[in-house]
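Residue numbers (my numbering): 1009 to 1142.
Structure follows, in C-alpha cells:
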C-alpha cells in the first residue's frame, strides 16, 4: 500500500473557517488550525483531529494549534451532508480553552446536537456550496 501521503488542503480549511464563523465558535482561532488530506491510510476513520501537546508548546515556544486530517479514501465516499457533519464533529473536539488539548466524546457529540448545528449551518449557507470546496 505504501506510505501515507499528507497534503495541506487549503480548500477544506476554507470550509472549516466558514463553519467556525457560522457556528459562532469564538474560542476557535482558525489561523491556528490547518487541514491536511491523507492518502493511502488504512484507518476506517473519516477524519481525525490532533492538538499540539503542551510539552511541545513550552519546549519550542509554539502557541496551541490543531490539525484536522481528512482521510480521503473514506471521506470522499460520503455525501455532502455527512462531510459537513464530520467536520463539525472534529471542531467539537476543540475545548473552549483552545489549549491544544482535545475534548473527549460525550453529550456534546450526540447526534441530536450535531444535527442542530448542521441545521444552523444550513440556515446560513447552502451545504452544496461548502461541499464544492471539499
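Glycine included, each C-beta is placed from N, C-alpha and C at the ideal position.
Being a predicted model, the structure only gives us computed values, none of them experimental.
Q: Using beta-carbon positions only, say whether residue 1111 and residue 1072 come within less than 8 Å of one another.
A: no
Q.
Using C-beta distances below 8 Å, list every residue in its chain close to residue 1013, excluding the 5 sequence neighbours before and after it, in chain order.
A. 1046, 1047, 1048
Q: Give the secondary structure of residue 1016 by DSSP, where H, G and I count as helix, E and B as strand, and everything else as coil.
A: strand
Q. Residue 1023 to residue 1038, Cα distance in whole Å?
A. 11 Å
Q: Tell me whether residue 1106 is buried or exposed, calling it buried when 16 or more other Cβ atoms sit within 10 Å of its Cβ.
A: buried
Q | Simplified DSSP assignment, three categories, for residue 1036 | A | coil
Q | Extent of the continuous alpha helix (DSSP H) run through residue 1131 | A | 1119-1132
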